[in-house]
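A.B. asks: After the structure tokens below, expect a handful of questions from me.
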Amino acid sequence: MNQPCDLIKDLLPLYAEDMVSPYTASLVEEHLAHCPGCQKELSLIKHPMAVAASRDAAPSRRAAAPAPKDTAPLGKLKKKLLLKKIQAIVLTAALALAAALAVFSYLTAPIYFPYSEDLLTVTSTEDAVTVAFDESVTGYFCEEVREPEGAATYFLSAWTTRLDRFLDRSGTGDLALPKEAATRISFTQNGTGSEGDIVIYGDQSNSFGTVTLPRLALSYYMQLACILFLLLAVALLIFWRRRSARLWILRLLLLPASYILGHLCVKGFSGYSYHMTRDLCFIAGVALLLYLALLFGLDLLRRR
Ligand SMILES: [Zn+2]
13 MNQPCDLIKD LLPLYAEDMV SPYTASLVEE HLAHCPGCQK ELSLIKHPMA VAASRDAAPS
73 RRAAAPAPKD TAPLGKLKKK LLLKKIQAIV LTAALALAAA LAVFSYLTAP IYFPYSEDLL
133 TVTSTEDAVT VAFDESVTGY FCEEVREPEG AATYFLSAWT TRLDRFLDRS GTGDLALPKE
193 AATRISFTQN GTGSEGDIVI YGDQSNSFGT VTLPRLALSY YMQLACILFL LLAVALLIFW
253 RRRSARLWIL RLLLLPASYI LGHLCVKGFS GYSYHMTRDL CFIAGVALLL YLALLFGLDL
313 LRRR
């Protein structure tokens with residue numbers, strides 16, 4: 013098919029720099045073969061000085077001297093293309109890292125054990141209480157809560173992870189706690205389906221019906237992110253016609269959107285957390301990487 017000269021002339025700067033696909037190159041060449049006008053245009057692009065000189069019947073001395081080539085527009089274009097390439101690479105890397113982090117979080121999420129007699133043994137010596145775990149346990153959390161009168165209760169939970177199971181890892185070190193007059197160890201069964209905390213060492217009175225509840229902060233953060241998202245979405249509709257405002261609102265909107273996506277990647281639809289720091293770190297990490305990817309994605313779409 014014969015291409016119109018205007019189209020070919022638009023492509024020539026890229027063609028001259030070898031920055032077109034083989035298909036485009038073949039189209040340009042096909043057209044050049046029988047179009048003297050575009051051939052001239054191409055040689056003008058390739059040798060702007062030579063053509064300018066030959067156009068002058070009597071070249072002056074100044075024209076003969078090597079003058080700086082007028083390649084500024086092309087340089088700009090190259091820079092733009094390079095920037096686009098870098099953005100695409102960063103976008104892909106951020107997405108891949110976010111996915112890897114989400115998978116890692118899933119694999120290393122604690123799976124808690126319900127209490128059973130085989131799960132752990134408690135022994136006490138004169139100045140220490142030692143908890144030894146079954147081989148199936150690969151980790152534990154122990155949180156100390158000290159009452160004003162000085163009595164210490166240790167809330168203990170035992171867990172393993174999907175990764176540990178997959179790698180056939182087993183066992184964890186013993187836990188040694190200082191033995192005081194009122195030391196108490198309470199085993200928490202974090203959402204394993206078994207109800208309540210079980211006192212495995214120390215005073216058993218006033219321990220009935222204690223349940224360690226999951227922290228709900230994550231679900232509040234999620235609600236906050238959803239509200240922010242909706243507000244910004246409304247703002248976006250209101251300011252849709254103002255180009256620069258629209259862009260900034262869109263960039264802001266991506267923040268709660270990334271957080272929501274991060275939460276879904278790490279916690280699914282659950283807002284519970286028995287280990288806030290861990291969950292929040294993973295969510296923040298995934299959300300940040302996703303935000304980076306979305307920002308670059310937005311920019312790439314905008315420049316197209
Ligand atoms: Zn032509």
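With the sequence shown counted from 1, adding 12 to any position gets you our numbering. Cβ atoms here follow ideal geometry from the backbone N, Cα and C, with glycine treated the same way.
Using DSSP's beta-bridge definition, name the partner residues of C154.
C.D. replies: The residue labelled residue 154 in the question sits at position 142 within the sequence shown. Answer is L168, bridged to C154.
A.B. asks: Using only the alpha-carbon positions, how far apart do R227 and W252 sit?
C.D. replies: Here residue 227 refers to the residue found at position 215 of the sequence shown. Here residue 252 refers to the residue found at position 240 of the sequence shown. Looking at the two C-alpha atoms, the distance is approximately 39 Å.
A.B. asks: Quick check on DSSP: helix, strand or coil for A76?
C.D. replies: As a first step, residue 76 is located in the sequence shown; it is residue number 64 there, counting from the start. Reliability fails at A76, whose pLDDT of 47 lies under 50, so the model's placement of it is uncertain and the value that follows must be treated cautiously. It is helical.
A.B. asks: Grab me the residues of R73's own chain with a C-beta within less than 6 Å of its C-beta, minus the 5 sequence neighbours each way, in chain order.
C.D. replies: Taking the first residue of the sequence shown as 1, we reach residue 73 at position 61. For R73, the predicted model reports a pLDDT of 46, less than 50, meaning its position is unreliable; a value from the coordinates is still stated below. So no residue of the chain qualifies.
A.B. asks: Under 8 Å by Cβ, that's how I've got A237 and Y271 pegged, so tell me the actual separation to the nearest angstrom.
C.D. replies: Counting from 1 along the sequence shown, the entry for residue 237 is found at position 225. Counting from 1 along the sequence shown, the entry for residue 271 is found at position 259. Confirmed, Cβ separation roughly 4 Å.
A.B. asks: When the Cα atoms are used, what is the spatial distance from A75 to I57?
C.D. replies: Translated into positions along the sequence shown, residue 75 becomes position 63. Translated into positions along the sequence shown, residue 57 becomes position 45. For A75, the predicted model reports a pLDDT of 46, less than 50, meaning its position is unreliable; a value from the coordinates is still stated below. Distance between the alpha carbons of A75 and I57: 17 Å.
A.B. asks: Could you give the uninterrupted runs of the beta strand (DSSP E) lying entirely in the region 80 to 144, keeping only those of 3 residues or more?
C.D. replies: Listed in chain order, the complete beta strand (DSSP E) runs (minimum 3 residues) inside the region 80 to 144 are 132 to 136.
A.B. asks: To the nearest angstrom, report how far apart L107 and G274 are at their CA atoms.
C.D. replies: Here residue 107 is taken as the residue at index 95 of the sequence shown, counted from 1. Here residue 274 is taken as the residue at index 262 of the sequence shown, counted from 1. The straight-line gap from Cα to Cα measures roughly 12 Å.
A.B. asks: Around the Cβ of D176, are there at least 16 other Cβ atoms within 10 angstroms (buried) or fewer (exposed)?
C.D. replies: In the sequence shown, the residue the question calls residue 176 occupies position 164. The residue is buried, with at least 16 neighbouring Cβ atoms inside 10 Å.
A.B. asks: Can the beta-carbon of S198 be found closer than 7 Å to that of F167?
C.D. replies: Here residue 198 corresponds to residue number 186 of the sequence shown, with the count starting at 1. Here residue 167 corresponds to residue number 155 of the sequence shown, with the count starting at 1. Contact flag set, yes.
A.B. asks: Quick check: what's the CA-CA separation for D215 versus E161?
C.D. replies: As a position in the sequence shown, residue 215 is number 203, starting the count at 1. As a position in the sequence shown, residue 161 is number 149, starting the count at 1. Taking the straight line joining both Cα atoms gives about 15 Å.
A.B. asks: State yes or no: is the C-beta of L86 within less than 7 Å of the C-beta of P25?
C.D. replies: Within the sequence shown, the letter at position 74 stands for residue 86. Within the sequence shown, the letter at position 13 stands for residue 25. Closer than 7 Å, so yes.
A.B. asks: How would you write the range of the alpha helix (DSSP H) that L225 sits in, first residue to last?
C.D. replies: The count along the sequence shown starts at 1 and reaches residue 225 at position 213. Note, L225: premise wrong, no alpha helix (DSSP H); not H, not E.
A.B. asks: Would you list the one or two residues that DSSP bridges to I210?
C.D. replies: As a working mapping, residue 210 is identified with position 198 in the sequence shown. Its beta-bridge partners are F199.
A.B. asks: Can you list, in chain order, the residues of its chain with a C-beta nearer than 8 Å to that of V211? Leave out the 5 residues immediately preceding and following it.
C.D. replies: Taking the first residue of the sequence shown as 1, we reach residue 211 at position 199. Hits under 8 Å: R196, I197, S198, F199 and S219.
A.B. asks: Straight-line CA distance for A69 to K21?
C.D. replies: By one-based count along the sequence shown, residue 69 stands at place 57. By one-based count along the sequence shown, residue 21 stands at place 9. At A69, the pLDDT of 46 sits below 50, so the modelled position is not reliable and the matter cannot be decided from this model.
A.B. asks: Using a Cβ-Cβ cut-off of 7 Å (strictly less than) and excluding sequence neighbours within five positions of A257, which residues of its own chain qualify?
C.D. replies: By one-based count along the sequence shown, residue 257 stands at place 245. So the list reads F251, once near-sequence residues are dropped.
A.B. asks: Look at the alpha carbon of L242 and the alpha carbon of Q51, and state the distance between them as a whole number of angstroms.
C.D. replies: Here the question's residue 242 lines up with position 230 in the sequence shown. Here the question's residue 51 lines up with position 39 in the sequence shown. Using only the alpha carbons, I get a separation of about 56 Å.
A.B. asks: Can you give me the Cβ contacts of D139 inside the same chain, cut-off strictly under 6 Å, excluding the 5 residues immediately before and after it?
C.D. replies: Position 127 of the sequence shown, counted from the start, is the residue given in the question as residue 139. Closer than 6 Å at Cβ, skipping near neighbours: K191.
A.B. asks: How many angstroms separate the CA atom of L55 from the CA atom of V40?
C.D. replies: Residue numbering aside, residue 55 sits at position 43 when the sequence shown is read from its first letter. Residue numbering aside, residue 40 sits at position 28 when the sequence shown is read from its first letter. Looking at the sequence shown, residue 55 is not Leu but Ser. So the two alpha carbons sit approximately 14 Å from each other.
A.B. asks: For ligand 1, any of its heavy atoms closer than 6 Å to the Cβ of I20?
C.D. replies: Against the sequence shown, residue 20 aligns to sequence position 8. Under cutoff, so the answer is yes.
A.B. asks: Measuring straight from C-alpha to C-alpha, what distance separates D18 and M31?
C.D. replies: As a first step, residue 18 is located in the sequence shown; it is residue number 6 there, counting from the start. As a first step, residue 31 is located in the sequence shown; it is residue number 19 there, counting from the start. So the alpha carbons of these two residues sit roughly 18 Å apart.
A.B. asks: I want to check one thing, is the minimum distance from the CB of G280 to the heavy atoms of ligand 1 below 6 Å?
C.D. replies: Translated into the one-based positions of the sequence shown, residue 280 becomes position 268. False, no ligand heavy atom lies under 6 Å from that Cβ.
A.B. asks: Return yes when the C-beta of G297 is under 6 Å from any heavy atom of ligand 1, and no when it is not.
C.D. replies: Counting from 1 along the sequence shown, the entry for residue 297 is found at position 285. Not so, every heavy atom of ligand 1 lies at least 6 Å from the Cβ.
A.B. asks: Exposed or buried, G49, counting other C-beta atoms within 10 Å across all chains shown (16 or more means buried)?
C.D. replies: The residue labelled residue 49 in the question sits at position 37 within the sequence shown. Counting Cβ neighbours within 10 Å, G49 comes out exposed, since fewer than 16 surround it.
A.B. asks: When you compare only the Cα positions, how much space is there between T36 and Y118?
C.D. replies: Here the question's residue 36 lines up with position 24 in the sequence shown. Here the question's residue 118 lines up with position 106 in the sequence shown. One C-alpha to the other measures close to 46 Å.
A.B. asks: Determine the extent of the beta strand (DSSP E) in which P190 is found, giving its start and end residues.
C.D. replies: For the purposes of this step, residue 190 is identified with residue 178 of the sequence shown, where counting begins at 1. L187 to P190 is the span of the beta strand (DSSP E), which, as asked, contains P190.
A.B. asks: By the 10 Å Cβ neighbour count, where 16 or more other Cβ atoms means buried, how is M234 classified, buried or exposed?
C.D. replies: Along the sequence shown, read from residue 1 onward, the residue named residue 234 stands at position 222. Label assigned to M234: buried.
A.B. asks: Which residue or residues does DSSP assign as beta-bridge partners of S285?
C.D. replies: Taking the sequence shown and counting its residues from 1, one reaches residue 285 at position 273. For S285, which the question treats as bridged, DSSP gives the partners R227.
A.B. asks: Let's see if you can read the secondary structure: which residues bound the alpha helix (DSSP H) around S280?
C.D. replies: The residue you call residue 280 lines up with position 268 of the sequence shown. According to the sequence as given, residue 280 is Gly; it is not Ser. Where G280 is concerned, there is no enclosing alpha helix (DSSP H), given that its DSSP letter is neither H nor E.
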